Each structure stands twice: as structure tokens, then as C-alpha cells.
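Each protein sequence line maps, in turn, to chains S and Y. The opening position of the first sequence corresponds to residue 69 in this note's numbering, with each subsequent residue numbered one higher. The opening position of the second sequence corresponds to residue 69 in this note's numbering, with each subsequent residue numbered one higher. From the three backbone atoms N, C-alpha and C, an ideal C-beta is built for every residue, glycine too. The structure displayed is predicted, hence computed values, not measured ones. For reference, the structure is listed below as C-alpha cells.
There are 2 protein chains.
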Amino acid sequence: MTISRMPTHAGVQRAAEKIAAILPPTPLLPLEIDGQTIWCKAECLQPVGAFKIRGAWHRLTDLDAAERARGVVGVSSGNHAQGVAWSAARLGIAATIVMPVDAPAVKLAATRALGAEVVLYDRPAGENRDEVAARLVAERGATLVHAFADPWVIEGQGSAGIEIAAQMAELAGDEPRLIVAPCGGGGLAGGLALACPDALVVPVEPEGWDTVGQSLAAGSLVPVGPGAPPTNCDALQPPVTHQINLDVLQGRVTQAATVTPSEVRAAQRLAFAKLRLVVEPGGAAALAAVLAGRIAVQPRTAVILSGGNTDPAAYAQVLLGDD
Amino acid sequence: MTISRMPTHAGVQRAAEKIAAILPPTPLLPLEIDGQTIWCKAECLQPVGAFKIRGAWHRLTDLDAAERARGVVGVSSGNHAQGVAWSAARLGIAATIVMPVDAPAVKLAATRALGAEVVLYDRPAGENRDEVAARLVAERGATLVHAFADPWVIEGQGSAGIEIAAQMAELAGDEPRLIVAPCGGGGLAGGLALACPDALVVPVEPEGWDTVGQSLAAGSLVPVGPGAPPTNCDALQPPVTHQINLDVLQGRVTQAATVTPSEVRAAQRLAFAKLRLVVEPGGAAALAAVLAGRIAVQPRTAVILSGGNTDPAAYAQVLLGDD
Chain S
69 MTISRMPTHA GVQRAAEKIA AILPPTPLLP LEIDGQTIWC KAECLQPVGA FKIRGAWHRL
129 TDLDAAERAR GVVGVSSGNH AQGVAWSAAR LGIAATIVMP VDAPAVKLAA TRALGAEVVL
189 YDRPAGENRD EVAARLVAER GATLVHAFAD PWVIEGQGSA GIEIAAQMAE LAGDEPRLIV
249 APCGGGGLAG GLALACPDAL VVPVEPEGWD TVGQSLAAGS LVPVGPGAPP TNCDALQPPV
309 THQINLDVLQ GRVTQAATVT PSEVRAAQRL AFAKLRLVVE PGGAAALAAV LAGRIAVQPR
369 TAVILSGGNT DPAAYAQVLL GDD
Chain Y
69 MTISRMPTHA GVQRAAEKIA AILPPTPLLP LEIDGQTIWC KAECLQPVGA FKIRGAWHRL
129 TDLDAAERAR GVVGVSSGNH AQGVAWSAAR LGIAATIVMP VDAPAVKLAA TRALGAEVVL
189 YDRPAGENRD EVAARLVAER GATLVHAFAD PWVIEGQGSA GIEIAAQMAE LAGDEPRLIV
249 APCGGGGLAG GLALACPDAL VVPVEPEGWD TVGQSLAAGS LVPVGPGAPP TNCDALQPPV
309 THQINLDVLQ GRVTQAATVT PSEVRAAQRL AFAKLRLVVE PGGAAALAAV LAGRIAVQPR
369 TAVILSGGNT DPAAYAQVLL GDD
């Protein structure tokens with residue numbers, strides 16, 4: 069995959085302006101934890117239920133007429149899929165999404181309902197989704213809209229940080245000092261770091277799936293190990309981050325964290341009880357890290373609740389459980 | 069109970085200004101139903117999980133120093149309780165709340181956690197909550213903050229309509245034509261009718277508990293019948309509306325609707341899947357009426373999702389069910 073350019077702070081600002089023109093800011097909701105107020109950015113309230121609509125909209129609106137006519141191909145476990153499908157439908161662009169056969173049923177159904185063609189790949193059997201996507205791109209002359217390794221996508225996700233900065237200034241008197249974000253490939257974390265260069269941005273990955281944290285520590289790409297434990301965070305399971313993400317994060321992000329499935333469920337239950345928000349497992353990873361004490365909270369801490377697409381039966385089991 | 073004055077449109081506007089100073093507007097979220105977009109006012113995202121914080125804040129901030137020193141007494145199944153407790157805690161006012169013994173555990177716990185004293189009454193046995201409250205008021209010289217039969221409370225709830233008008237104008241080009249709201253005693257419906265005099269406001273009550281709809285039809289107070297069927301809408305069970313509410317609603321509200329427990333559960337499931345919002349049964353009544361086709365949707369329809377305080381086990385059963 070050839071990367072055409074690096075994402076920039078100016079690019080994030082431009083993305084934020086484009087996104088503000090069609091999507092109201094998601095609320096930044098106060099949540100008291102041990103006497104300290106943290107601020108939860110409710111990205112699960114986006115029209116597709118996740119922040120991914122940001123990067124997809126920035127990417128697709130920058131395509132020229134010839135590119136739009138040839139369509140786009142996305143690769144996603146479900147949330148990026150819906151972001152691309154939603155944006156493509158609004159712009160009259162044909163969208164094909166490569167999704168794992170074991171994606172949550174709600175995500176598969178929602179992507180198809182938005183008018184996208186879904187091509188399944190066998191994630192459990194180890195089929196390489198990037199190869200499936202590359203074949204489709206070659207066959208159709210389509211534009212690949214990668215879920216995280218794309219400068220537009222990174223800038224678009226960063227628009228959440230521009231909103232947080234404005235909201236935190238109004239609600240808490242100044243810009244954010246700490247932003248904690250769920251992390252799959254690192255697109256959101258990179259965008260936030262570009263958006264808010266003076267804030268500490270901490271990506272949170274599922275235990276054993278910390279390709280971003282490990283790659284940052286090693287200074288080079290470290291894939292998820294073959295013996296990675298099961299995780300409930302279906303949205304945070306890329307096999308490895310990409311070089312562009314590592315390049316953006318290096319020097320800007322110095323700390324990362326991981327969370328266990330049990331910690332994620334506890335965060336989902338807290339979001340239910342205290343915020344009345346439905347948050348999917350991957351979307352609750354950052355809140356889980358804060359609740360579990362894995363990240364020291366500061367005044368003016370923002371926590372991204374990145375998505376809320378989850379099967380009702382699975383969510384009901386989380387509410388009924390206590391681990 | 070003596071009513072000191074009638075609520076006014078100017079009073080709603082003043083309430084809206086006071087509330088805007090401490091609470092950001094709750095989002096007005098688009099929801100597509102059968103190809104038509106309706107706009108859902110997410111009052112379940114208020115800090116106490118319900119719109120009741122509005123009326124309580126307007127009432128308590130208008131008390132003078134002597135009244136504040138003597139404290140307040142509220143009567144509530146749980147959401148008004150939390151609104152009063154939240155406001156009282158911020159203003160340093162002692163709050164006592166009369167609550168039914170069978171209120172949801174989350175509502176009892178949350179009210180106590182906000183620092184209020186809770187006095188239980190035996191709703192299932194027919195104990196009169198207003199008498200319990202009147203005794204406390206007399207004993208303590210406290211101010212009664214009624215959940216709906218109070219001009220400040222009505223004006224405060226109406227502030228949601230001021231927000232809707234501004235948001236609808238921005239998002240959909242003009243002010244609302246139809247506002248559908250869950251209805252217990254009629255405080256919210258009355259406030260909305262005062263706030264938006266050119267909109268059609270339709271209150272929605274649980275089947276068999278439609279004291280407001282029946283009273284409007286009769287032109288006089290009609291209590292809930294002794295054989296009223298069970299309802300899951302614990303927030304919408306006052307035994308009868310009050311004269312001040314009827315006076316506000318008459319001439320302003322010409323249509324009302326009722327919903328069944330099953331219709332309410334379907335609306336809760338839709339809010340979960342499409343809006344990622346936790347909505348309690350009573351909070352979903354207006355959406356239920358729209359989904360069930362009991363109210364004809366128009367362009368620029370707003371639907372109030374009035375609260376999200378529900379026990380996790382009960383909510384899990386709603387998600388797992390299909391009736």
C-alpha cells in the first residue's frame with residue numbers, strides 16, 4: 069500500500085470544518101469517578117454509532133469525480149464499514165466493504181442496510197483481509213479507504229479532538245490535558261494527537277492485541293502474536309498497525325495501556341448506569357482503563373466512548389453479569 | 069395545595085436561560101422511520117438521567133434565603149426525586165423525597181447518593197403520597213416541590229422545548245411542528261405547549277393510566293381507575309393530574325395518545341439499536357406511540373426520550389424479549 073502524504077494538524081482542522089457542516093458535535097458528558105470529573109465523548113451517538121463516520125466522510129468528500137465514479141473499497145469489522153457506507157450513500161458513490169465472517173450480526177446488517185456491498189473474509193481461519201481488498205481494488209479501479217492507515221482517515225478521526233478542545237474549554241475552562249482513546253490500528257489516537265498537540269493522548273488496546281503499544285515500544289511494527297487471547301473487543305483486532313500510523317504516533321504518543329475483557333464489561337455497565345449510553349466492548353476500552361486505574365486521571369481528562377454497535381443478546385449478558 | 073400563579077411563556081424562557089447556564093443542551097438526534105426523519109430529544113443524557121432536572125433547578129433557584137434554609141420536600145417515583153436532590157445538593161438545600169416502596173432500586177439508590185433523605189410510602193397499598201408530603205412540609209416548614217403541579221416545575225420542563233426549537237431550526241430548517249412527549253401528570257406536556265405555542269404537542273400515557281387524556285376529554289379531573297392494568301412505565305403513574313396542569317393544557321393540547329407495555333418495549337429496543345441510548349419504559353412512551361402508528365408523523369417532529377433510569381436486569385429482559 070502506497071501512502072501519498074502524511075496527515076497534518078491543518079488537515080485535521082479542515083476535516084473538522086467539513087464534518088461540522090453535516091454532523092452536530094457529539095456531547096461531552098461529565099462522569100464523576102472517585103470524586104473527580106472526567107469527560108466522556110459520546111461518539112456512540114454518531115448516526116452510524118461510531119466515530120468512524122468522521123474519517124470516511126473526510127476521505128470520500130476529497131475524492132475527485134473520476135475517483136467517485138469508480139467507487140470505494142473498505143476493510144472493517146463493522147464500524148468503519150458503516151462510516152464508509154453512510155458517506156458513500158450520501159455522495160452517490162458505490163461502496164464495497166470487506167468484513168470478517170464473525171463480525172457482529174448488527175454490524176453486517178447495518179452495513180448492508182446503508183446500501184454497501186459486503187464481501188466476507190474468513191478471519192478465524194487467518195485469511196488476509198488486506199489481500200482480499202487489494203484484489204477488489206485492482207479489479208474495479210476503486211479507491212481503497214483503509215480503516216486506519218490513510219492520512220485522510222487519520223485526520224478525519226482527529227476532528228473529534230477539535231470538538232473536545234472547544235467543548236472542554238467551555239465546560240471545564242480550558243483545553244484537555246489528557247485524552248484516552250480506544251485503539252485498534254491507531255487511526256483515532258494519531259488523529260487526536262495531531263488535533264491536540266498539547267494534550268497527552270493515551271491509546272488503549274485489548275490485552276494481547278496491543279500492536280500499537282508494542283510497536284511504539286519497539287520503534288517498529290510488531291504484529292499481534294499468534295497466541296493472542298480471546299477479546300470481546302471485536303472493533304480493536306487489527307493484526308498489526310501500519311507504518312503511517314506508527315510514524316504519526318512516534319514522538320507524539322508516549323504512553324499506552326491495555327485492558328482485560330472483564331474490565332471492559334465493567335465499563336460497559338458503568339456507561340449504562342451513569343451515562344445511559346449503549347457502548348460496545350471496543351468502545352468502552354478507554355473508560356475501562358481509567359476505571360481500572362491503569363491511567364492516572366488528571367483534571368480535564370477526556371475519554372472517548374468510540375462506538376455503540378453491539379448485539380442485544382450479548383449486551384444483555386454483560387448487564388446480567390458481574391465479572 | 070395552593071397554586072400561587074400560572075406558568076407563562078416568559079417563565080419558560082427565563083427557566084431556559086437559567087438551565088443553559090449550567091447544563092448543555094441535550095442532543096436532538098435524527099432517527100429514520102419508514103423513510104421519514106424524526107428528531108429524538110435525548111433527555112436521558114441529563115446528569116440525573118431525566119428531564120426532571122429542569123423543573124427542579126428552576127424551582128429551587130427561585131427560592132429565597134429563608135425558604136432555602138427550611139429545605140424542600142419532593143414527591144416522586146424516582147426521576148423528579150433525582151432532579152430535586154441534584155439541584156438541592158448544588159444549592160446547599162436540605163431535600164426530603166417521598167418515594168414509593170416499589171420504585172426501581174436504581175432510582176432509590178441514586179436519590180440517596182445525591183444526598184437526599186428518602187421517605188417511603190406504600191404505593192401498592194394505596195397510601196396517599198401527597199398526604200405524606202403535606203405532613204413533612206407542615207412539620208418542617210419546608211417548600212413542597214411537586215413533580216408536576218407547580219408553575220416553576222412546568223416552566224422548567226418547558227425549557228426542553230426552547231432547546232428543541234433552536235436545534236430543529238438549525239438541523240431541519242425551521243421550528244418543530246409536532247412534539248410528542250411521555251406524560252405522567254402533564255408537567256412536561258404543559259411546559260412544551262407554553263414553550264412552543266405554534267407546535268402541536270401530544271402527550272403519551274400508558275394504557276389505563278391516561279388521567280391527562282381523560283381529563284382533557286372530560287374538561288375536569290379524571291383519576292386513574294381502580295382497575296388500571298399493570299404498566300411497565302413506573303415514571304408515568306400519578307393517580308390523577310392536577311387542576312393547574314389541566315388549566316395549562318386546555319386550549320393548548322387537543323390530542324393525546326396511549327401505549328401498551330409491549331409497544332413501550334419495542335421502542336426501548338429501537339432506541340438501543342438505532343440511537344445507542346438506554347431509555348427507561350416511561351421515557352420511551354412517546355417513541356412507542358410514533359412507532360405504533362398512534363400519532364401521524366409530520367416533517368419536523370420531535371420525540372422526547374424523557375429518561376433512562378432502569379434496573380439492568382429489567383433492561384436486559386427487554387433486550388432479550390421480542391414482544
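Considering only residues of the same chain and omitting the five flanking positions on each side of residue i, which have a CB-CB separation below 6 Å?
i	result
S/Pro95	Ala110
S/Ala261	Val269, Arg320, Val321
Y/Ser283	Leu289, Val290, Thr309, Leu314
S/Leu159	Leu128
Y/Arg197	Val143, Val166, Tyr189
S/Arg136	Ile161
Y/Val174	Asn377, Asp379
Y/Lys195	The amino acid at residue 195 of chain Y is misidentified as Lys; the sequence shows Glu. Result list for Y/Glu195: Tyr189, in chain order.
S/Ile230	Ala84, Ala263
S/Pro349	Asn300, Cys301, Val332
S/Ala210	Arg138, Gly139, Val140, Val141
Y/Gln323	Val270
Y/Pro294	none
S/Leu246	Leu268, Gln366, Thr369
S/Gly224	Ala83, Arg122, Gly123, His126
Using 8 Å as the threshold, is the C-beta distance between residue i and residue j below it?
i	j	result
Y/Leu97	Y/Ile121	no
S/Cys112	Y/Arg337	no
Y/Thr378	Y/Pro172	yes
Y/Arg362	Y/Ala325	yes
S/Arg138	S/Arg208	yes
Y/Val332	Y/Ala354	no
Y/Ala217	Y/Ser374	no
S/Ala153	S/Ala184	yes
Y/Val272	Y/Val327	yes
Y/His126	Y/Pro265	no
Y/Thr179	Y/Gly146	yes
Y/Val187	Y/Val200	yes
S/Arg191	S/Pro168	yes
Y/Ser330	Y/Asp242	no
Leaving out the 5 sequence neighbours to the left and right, which residues in its chain are closer than 7 Å to residue i when beta-carbon positions are compared?
i	result
S/Arg73	Pro219
Y/Trp277	Val292, Ala296, Thr299, Leu304, Gln305
S/Val205	Val141, Leu212
S/Gly389	Arg333
S/Pro307	Pro291, Val292
Which same chain residues end up closer than 8 Å to residue i when comparing Cβ atoms and leaving out the 5 residues on each side of it in sequence?
i	result
S/Trp107	Leu96, Leu97, Pro98, Leu99, Ile232, Gln235, Met236, Leu239, Ala240, Pro244, Arg368, Thr369, Ala370, Val371
Y/Gln318	Leu284, Gly287
8 Å is my cut-off, CB to CB: does residue i come that close to chain B?
i	result
S/Leu355	Here chain B cannot be found, since the structure's protein chains are S and Y.
Can you tell me the Cβ-Cβ gap for residue i and residue j, rounded? I've got them flagged as a contact below 8 Å.
i	j	result
Y/Ser227	Y/Val80	6 Å
S/Ile222	S/Val316	6 Å
S/Ala181	S/His148	That belief does not hold up - the Cβ atoms of S/Ala181 and S/His148 are roughly 16 Å apart, past 8 Å.
S/Ile87	S/Ile312	Incorrect: roughly 21 Å between the Cβ atoms, too far for contact.
S/Phe340	Y/Val248	No, S/Phe340 and Y/Val248 are not in contact; Cβ-Cβ is about 25 Å, not under 8 Å.
Y/Ala384	S/Ala384	4 Å
| message | Short of 9 Å Cβ to Cβ, which residues in the stretch 326-343 of chain Y face chain S? | response | Arg337, Ala339, Phe340, Ala341, Lys342, Leu343
| task | May I ask you to verify whether the stretch 354-368 of chain S touches the stretch 122-133 of chain S, counting CB pairs closer than 8 Å and requiring at least 3? | result | Inter-segment contact for the stretch 354-368 of chain S and the stretch 122-133 of chain S is absent: fewer than three beta-carbon pairs are separated by less than 8 Å.
| request: Pull out every residue of the stretch 103-119 of chain Y whose Cβ sits closer than 8 Å to any Cβ of chain S, in chain order. | output: Ala110, Cys112, Leu113, Pro115, Gly117
| said: Count Cβ pairs between the stretch 162-172 of chain S and the stretch 252-260 of chain S that sit closer than 8 Å; are there 3 or more? | reply: Not touching, per the Cβ criterion.
| Interface residues of the stretch 374-388 of chain S facing chain Y [CB-CB below 7 Å] | Taking 7 Å as the Cβ-Cβ cut-off against chain Y, the residues of the stretch 374-388 of chain S that qualify are Gly376, Pro380, Ala381, Tyr383, Ala384, Leu387, Leu388.
| request: Select from the stretch 274-304 of chain Y all residues with a C-beta closer than 7 Å to any C-beta belonging to chain S, and list them in chain order. | output: none
| request: Report the residues of the stretch 235-261 of chain S with a CB closer than 9 Å to any CB of chain Y, ordered along the chain. | output: Gln235, Glu238, Leu239
| field | Contact set between the stretch 166-195 of chain Y and chain S, restricted to residues whose Cβ is under 8 Å from the partner | value | Within the stretch 166-195 of chain Y, contact with chain S at the beta-carbon level (separation under 8 Å) is assigned to Val174.
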